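Mapping the sequence shown onto full-length UniProt numbering, position 25 (from 1) lands on 25, and the numbers just tick up by one. Don't be surprised by glycine CBs; every beta carbon is placed ideally from N, CA and C. Given the structure is predicted, the values throughout are model-derived calculations rather than measurements.
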Amino acid sequence: MLLILLAGVLHADWDFNLISQRAEKLYGPLGDGKARIDEWQALLERLPELDEPAQLEAVNRFFNASLRFRDDIEIWQQNDYWATPVEALRKGAADCEDFAIAKYFTLREAGVASEKLRITYVKALRLNQAHMVLTYYATPDAMPLVLDNLINVIRPASERSDLLPVYAFNAEGLWLAGKGGGKQVGDAKRLSRWQELLKKMAAEGFPVEPGR
1 MLLILLAGVL HADWDFNLIS QRAEKLYGPL GDGKARIDEW QALLERLPEL DEPAQLEAVN
61 RFFNASLRFR DDIEIWQQND YWATPVEALR KGAADCEDFA IAKYFTLREA GVASEKLRIT
121 YVKALRLNQA HMVLTYYATP DAMPLVLDNL INVIRPASER SDLLPVYAFN AEGLWLAGKG
181 GGKQVGDAKR LSRWQELLKK MAAEGFPVEP GR
């Protein structure tokens, strides 16, 4: 059985029947979102057959195609809201951090090691605004690949001169931008929105332990 390390603890595969039931109780009818969640489950069932580069491509393509980009204020009537993958798929819309979060958890469930993945806060220079992407490190010192909702092609960070890294995080750490993957300055417990996100996912039926 595939196991996943979320928030530092091993857990079994996701139970999508339970997750859908919990989501309906929390948010109401899933509507068209049910089909998107079912497609997400089907994607997860296919991912173990692929090597990591193909997994990155499949996950990036799925979420970029399944979710429309919308600002948090339009979707949630809040200036900054971190949605769970289920919330985003139910709405069919997401802000940049929601794309990165959904891709991160999907690749973790597929078995990609946590140390290879970071949710990275950047400044999108051409747009002159804050932005989030998912970055993938094949090795600790490798040039990261950027999974972005702004473009569908996965490119090395060296080819994304339009993005200026600020900080990055995953379930195990928090890094400031810099050479060689940056300097680790703590863990994700310092990020209150990350902790809130894990609590929401636990309530939805995902096997995560908030606060770890």
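- What are the start and end residues of the beta strand (DSSP E) that includes glycine 186? 183 to 186
- Would you check if the region 57 to 69 and the region 93 to 105 touch, i.e. whether three or more CB-CB distances between them fall below 8 Å? yes
- Taking leucine 150 as the reference, which of Gln195, Phe206 and Arg126 has the closest Cα? Restricting attention to Gln195, Phe206 and Arg126, the CA atom closest to the CA of leucine 150 is found in Arg126.
- Task: Compute the beta-carbon to beta-carbon distance between tyrosine 121 and valine 166, rounded to the nearest angstrom, for a pair I have assumed lies under 8 Å.
- Result: 5 Å
- Item | Backbone secondary structure at arginine 193 - three-state DSSP | helix
- Along the beta strand (DSSP E) that carries tryptophan 175, what are the first and last residues, could you check? 174 to 176
- Please classify proline 85: is it buried, with 16 or more other beta-carbons within 10 angstroms of its beta-carbon, or exposed? buried
- Message: Less than 8 Å between C-beta atoms, sequence neighbours within five positions excluded: which residues of the same chain meet that for lysine 123?
- Response: Taken in chain order, the residues that qualify are Gln129, Ala130, His131, Leu163, Leu164 and Val166.
- Message: Can you list, in chain order, the residues of its chain with a C-beta nearer than 7 Å to that of alanine 93? Leave out the 5 residues immediately preceding and following it.
- Response: Leu67, Arg68, Arg70 and Ile75
- Query: If alanine 203 and leucine 26 are in contact, beta carbons under 8 Å, what's the gap, nearest whole angstrom?
  - Reply: 6 Å
- Query: Which full runs of the beta strand (DSSP E) of 3+ residues lie inside the region 94 to 138, going along the chain?
  - Reply: 117 to 124 and 129 to 136
- Item | Chain-order list of residues whose beta-carbon lies under 6 Å from that of alanine 168 (same chain, five-residue window excluded) | For alanine 168, the CB contacts under 6 Å within the same chain, skipping 5 residues up- and downstream, are Arg118, Thr120 and Trp175 in chain order.
- Task: Please list, in chain order, all residues of the same chain as glutamine 41 whose beta carbon is under 6 Å from its beta carbon, the five residues on each side excluded.
- Result: Phe16
- Message: Just verifying my parser: in three-state terms, what is the DSSP assignment at valine 166?
- Response: strand
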